[in-house]
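What follows is a set of notes on a single structure, which appears directly below.
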Amino acid sequence: MTCKVMITGNHDGRRLDRTIRSIWPALPLSLIMRALRKGEVRLDAARVREAGARVSSGQELYVPWEPPDIEAIRAEDAALRRGVRHSVPVLWSGDNVAVVNKPANLLVQPDVKGGDSVVTRIWAMFGGREAGFSPAAVHRLDRNTTGALVVALSGEALRELERLFRERLVMKRYLAVVVGKLPEKGVIDAPLLKDEARNTVSVVNEKNGKNGKNGKNALTRYERLWVNGDLSLASIELITGRTHQARVHMAHIGYPILGDRKYGSVEANRRRREVGRPLLHAFELKFPGGFSSGALSEVSGKTFRAELPEDMASWLAGERKWVVNP
Numbered sequence: 309m310t311c312k313v314m315i316t317g318n319h320d321g322r323r324l325d326r327t328i329r330s331i332w333p334a335l336p337l338s339l340i341m342r343a344l345r346k347g348e349v350r351l352d353a354a355r356v357r358e359a360g361a362r363v364s365s366g367q368e369l370y371v372p373w374e375p376p377d378i379e380a381i382r383a384e385d386a387a388l389r390r391g392v393r394h395s396v397p398v399l400w401s402g403d404n405v406a407v408v409n410k411p412a413n414l415l416v417q418p419d420v421k422g423g424d425s426v427v428t429r430i431w432a433m434f435g436g437r438e439a440g441f442s443p444a445a446v447h448r449l450d451r452n453t454t455g456a457l458v459v460a461l462s463g464e465a466l467r468e469l470e471r472l473f474r475e476r477l478v479m480k481r482y483l484a485v486v487v488g489k490l491p492e493k494g495v496i497d498a499p500l501l502k503d504e505a506r507n508t509v510s511v512v513n514e515k516n517g518k519n520g521k522n523g524k525n526a527l528t529r530y531e532r533l534w535v536n537g538d539l540s541l542a543s544i545e546l547i548t549g550r551t552h553q554a555r556v557h558m559a560h561i562g563y564p565i566l567g568d569r570k571y572g573s574v575e576a577n578r579r580r581r582e583v584g585r586p587l588l589h590a591f592e593l594k595f596p597g598g599f600s601s602g603a604l605s606e607v608s609g610k611t612f613r614a615e616l617p618e619d620m621a622s623w624l625a626g627e628r629k630w631v632v633n634p
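Residue numbering for the sequence shown follows the numbering used here, beginning at 309 and increasing consecutively.
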């Protein structure tokens, strides 16, 4: 039996093995590699034996197994739309990219199949899923971090956006309330090491860095904006994008984020029990220019800002008078 699938723009330029695995995710890799070795996989009329061969939009892919279950995808989409009760605020959307304002207490990716998350809400709102591709978040925000998040609506956009973030070409700026009078500005250059079992991150030191565990380089810039007694409102720019980076780096220099129960100040959090989450908000995303064509032309040179969420804005307004950068 031979199955024919048309390569769409969502797979253009991808490796053949990754394309096949995304369209048939349940297929064992060993079966795919055997079909390649035996010459049972073709692109148009040509047999392809190299797993790393690149596919192009418009090509016909021939494989020796059953077609992808499109009806199952449609049924799952319909069930998802019925199950999702909430949307996610959209700051901007185009044909290839959406920028959303993530609320607090919401995962970016579902922790169980069909579970509530930014991604599942986007699937229900935008649809567009097909065999081998679903709209995908390009970076991550912690469950209780709010603000601007980029979602790729096409395969080409996903690959290009991943490259931009990997090469640190997208500027990411956060607003945070930290404990203490923060210095006017500074740079934190401290490698971070993640403990997968505990889901915690720490700055590499003599104790946790033994046995060659050097962690990953992490660079953060910060600037003090306002001061209110023993608190500061900070602008934080993440040059790298490591897990929990802003929270760990600010705690490392002695100015933890208020409301952070994992890395923050126990005493400061106790005094302000009304703060129920880390007061950290992804305020701004700035894309580089120069994209005159392709999937990213619609966001070329654009800056997106997410307004403070109601809980953080109300808390800031209700505190004593803030002084602008004294």
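Ideal placement from N, C-alpha and C gives every residue a C-beta, glycine not left out.
Asked	Found
Member of HIS557, MET314, LEU587 whose CA lies at the smallest distance from the CA of VAL363	MET314
Proximity of MET620 and HIS589 at Cβ, strictly below 7 Å	yes
C-alpha gap between PRO586 and LEU624, whole angstroms	13 Å
Touching by the beta-carbon criterion (3+ pairs, under 8 Å), the segment 341-361 and the segment 316-325	yes
VAL396 beta carbon less than 7 Å from that of ARG429	yes
According to DSSP, residues forming a beta bridge with ILE496	THR528
Straight-line gap, ALA484 to ASP538 (C-alpha atoms, nearest Å)	14 Å
For VAL427, the three-state DSSP class (helix, strand or coil)	helix
Residue closest to LYS410, alpha-carbon to alpha-carbon, out of SER462, ASP419, VAL427	VAL427
Environment of HIS394 [buried if 16+ CB atoms lie within 10 Å]	exposed
Nearest to THR310 (by Cα), restricted to the options VAL349, THR316, ASN318, ARG345	VAL349
Residue of LEU344, ILE496, ARG467, ARG613 minimising C-alpha distance to TYR530	ILE496
Rounded C-alpha distance that separates ALA498 from LEU527	7 Å
Short Cβ contact (7 Å threshold) for SER425 with ASN318	no
LEU490 and TYR571 closer than 7 Å at C-beta	no
Under the three-state DSSP convention, the category PHE595 falls into	coil
Three-way DSSP call (helix, strand, coil) for ILE544 in this model	strand
Contacts around LYS610, its chain only, beta-carbon distance under 7 Å, and the 5 residues preceding and following it disregarded	PHE595
Beta strand (DSSP E) segment containing PHE473, residue limits	Element bounds for PHE473: not the beta strand (DSSP E) but the alpha helix (DSSP H), 463-474.
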